[in-house]
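Shown next, in structure tokens, is the structure this report addresses.
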Ligand code: G6P
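In the working numbering, the protein residues as written are 2 to 613.
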């Protein structure tokens, strides 16, 4: 949600800011802006509604903003509609200070009112503008920028990652963070700030993660970081392993397609370091043996697709471990007074590691005495840092808003964890354990087999892309899978789509099935294939057109009732959803392509949701 990039160095800042913003555009794309300060203190700002390309066009027609220090922002609107004025950076009424900000200032109205009473004139509808107006107000009184920054941070409530420039301090950029991600990059030609490491990969892979309540003063040659009491800190630097090419399209039309095709490799990278001689080895949980033995309940908490992984986990882990597993939406979890304690394990799943609701659920779980294990893709992200144990998915950077490879790697890792724990708890027969681990080893190869059928899914999409409403049905693990298939379709193609537990259809939803309604029936979970077949017959006899997905074992049984078949290789039934999601991703992708949608940047969405 919103992206920040900043540079203080020995080169022109503008190209670096624009390049960084391009890589961050997936975080928000309703407006963009930059501010640059020249050595003699000329603060130049350009911002505009629309995609970054609009800003680039405007900048191309003008003499370039010149200076070696600057901040940039790409916005996903929260307060105030997307327009030129509400775009960041915001500048105080004296034109001295510019600010870019991610997050929400909760007490902005109260501050705004008091500043208006003091005669300050606001120009935007944003919460961010109070930061910059307040900064100029305190700066006027205190004549010291850092004093003013600390005064503002003491006054505002809410979440922020921010970059600040002041025309009186032209060699300096200030950054501050609370409950929104921000990191500092150390490069040869200068130093950087960014809300997301992908903005920096082209320049440096050496970073420091800012923690809550920290303030950094960044110049071309130096970075100083202070805590809330203004004591200077010695912070650790980290080396990022991701390669810059991993965050580029590499010849594909869309990041989403590239990321779908990367799944065999992403799954292999996630599995293989954790399998040794046919045994699952989760080194990360080495110190957790006692904890694992005392676990009697698991909560899997997440948002969006990561929650759908949790649903798969609920069904699969209960079968493996014979203990209650609940999948919870993070936005609901912390307000539902969950029954937690030392014998409950809370698993947080998050690609970005920054989703605010998931982060809040994590803190709530810890507050109530449970240990937290997180499954995260972005190294060093907030959720990873605050968890007791972290299992990283090795999916590499995921840029498309609609998640694909992060989803599959999360699922694989959660299932591996389930098998590992089942073994630790003595809840799984050795034979079954061997069968699942064999299945895990074969997964990358089998994903490649599904992907090799890409033309089939493309053709199917061109037959069905005109439908206005689609229902996904399935039972048990197939129900969980349908939730993700349906979300994929609706988020990128804007087709209305719902997912139902197939057995529940006749309690209401079946009234919506009429001649020509498209139903995607999932029948990959072998123990329930015959029951799913009955549900297919039910919708078919009411005129539905049915796309059915099943495995090669049951293709002939299911095929007799479907207009279109998606047939996937058979694997261990607890792993089947890993293969099952691939055709659904490809189908959604090609449907959206046929409808001319902006696949990587769907309307109203953002990759990383850092507001409640
Ligand atoms: C957004 C993304 C989804 C993602 C969800 C949770 O809605 O568009 O793809 O599943 O956030 O994000 P996280 O980073 O916590 O996995």
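Cβ atoms here follow ideal geometry from the backbone N, Cα and C, with glycine treated the same way.
> When the Cα atoms are used, what is the spatial distance from residue 492 to residue 471?
Replying inline: Spanning the two alpha carbons is a distance of roughly 13 Å.
>> Quick check on residue 489: does DSSP put it in helix, strand or coil?
In response: In the structure shown, residue 489 sits in a helix (DSSP, three-state: H, G or I).
>> Taking 6 Å as the limit between beta carbons, can you name the residues of its chain near residue 645, skipping five residues before and five after?
In response: Coverage of the chain is limited to positions 2 through 613, which leaves residue 645 absent and any answer about it impossible.
> Any heavy atom of the ligand MN closer than 7 Å to the Cβ of residue 304?
Replying inline: Annotation note on the ligand MN: not contained in the displayed structure, which lists the ligand G6P as its ligands.
> What residue range is occupied by the uninterrupted alpha helix (DSSP H) comprising residue 465?
Replying inline: 455-465 is the span of the alpha helix (DSSP H), which, as asked, contains residue 465.
> The alpha helix (DSSP H) with residue 535 in it runs from where to where?
Replying inline: Following the DSSP letters along the chain, one finds residue 535 inside the alpha helix (DSSP H) bounded by residues 530-541.
> Applying the criterion that 16 or more other CB atoms from any shown protein chain within 10 Å of the CB defines a buried residue, is residue 117 buried or exposed?
Replying inline: Looking at its Cβ environment, which holds fewer than 16 other Cβ atoms inside 10 Å, residue 117 is exposed.
>> Measuring straight from C-alpha to C-alpha, what distance separates residue 322 and residue 426?
In response: Taking the straight line from one Cα to the other gives about 8 Å.
> Are there 16 or more other CB atoms within 10 angstroms of the CB of residue 174, so buried, or fewer, so exposed?
Replying inline: Buried, since its Cβ has 16 or more Cβ neighbours within 10 Å.
> Do the CB positions of residue 142 and residue 85 come within less than 8 Å of each other?
Replying inline: The Cβ atoms of residue 142 and residue 85 lie no closer than 8 Å to each other.
> What are the boundary residues of the alpha helix (DSSP H) that residue 582 is part of?
Replying inline: Segment 577-595, the alpha helix (DSSP H) holding residue 582.
> If you follow the beta strand (DSSP E) that residue 184 is part of, which residue opens it and which one closes it?
Replying inline: Residue 184 -> beta strand (DSSP E) spans 184-187.
> Tell me which same chain residues have a C-beta within less than 6 Å of the C-beta of residue 523, skipping the five on either side of it?
Replying inline: Hits under 6 Å: 475, 479, 482, 483, 550.
> Does DSSP classify residue 646 as helix, strand or coil?
Replying inline: The structure shown has nothing for residue 646, since the chain only spans 2 to 613.
>> Please report the distance separating the alpha-carbon of residue 416 from that of residue 51.
In response: Taking the straight line joining both Cα atoms gives about 41 Å.
> Any heavy atom of the ligand G6P within a distance shorter than 7 Å of the CB on residue 422?
Replying inline: No, the beta carbon of residue 422 sits no closer than 7 Å to any heavy atom of the ligand G6P.
>> Less than 8 Å between the C-beta atoms of residue 100 and residue 163, yes or no?
In response: Taking 8 Å as the Cβ cut-off, residue 100 and residue 163 qualify as a contacting pair.
> Could you give the C-beta distance for residue 28 and residue 3, rounded to a whole number, given that I count them as a contact under 8 Å?
Replying inline: A Cβ-Cβ separation of about 6 Å places residue 28 in contact with residue 3 under the 8 Å criterion.
> With burial defined as no fewer than 16 other Cβ atoms inside 10 Å of the residue's Cβ, what is the status of residue 421: buried or exposed?
Replying inline: Classification of residue 421: buried, given that the 10 Å Cβ count is 16 or more.
> At a cut of 8 Å, does the segment 171-186 reach the segment 212-222 through at least three beta carbon pairs?
Replying inline: In short, these stretches touch, since the Cβ pair count reaches three.
>> Quick check: is any heavy atom of the ligand G6P less than 7 Å from the C-beta of residue 150?
In response: Checking the Cβ of residue 150 against the ligand G6P gives no.
> Span of the alpha helix (DSSP H) holding residue 181?
Replying inline: That residue, residue 181, is in no alpha helix (DSSP H); it is neither H nor E in DSSP.
>> Which residue marks the beginning of the alpha helix (DSSP H) containing residue 546, and which one marks its end?
In response: Unbroken run through residue 546 is the beta strand (DSSP E), 546-552; no alpha helix (DSSP H).
> Can you tell me the Cα-Cα spacing of residue 127 and residue 80, whole angstroms?
Replying inline: Approximately 5 Å, taken between the alpha carbons.
> With 16 as the cutoff for other CB atoms within 10 Å, does residue 256 come out buried or exposed?
Replying inline: With 16 or more other Cβ atoms within 10 Å, it is buried.
> For residue 312, does the count of other Cβ atoms within 10 angstroms reach 16, so buried, or fall short, so exposed?
Replying inline: The residue is buried, with at least 16 neighbouring Cβ atoms inside 10 Å.
>> Cutting at 7 Å between CB atoms, please list the residues of its own chain near residue 595, excluding the five before and the five after it.
In response: Around residue 595: 462, 463, 466.
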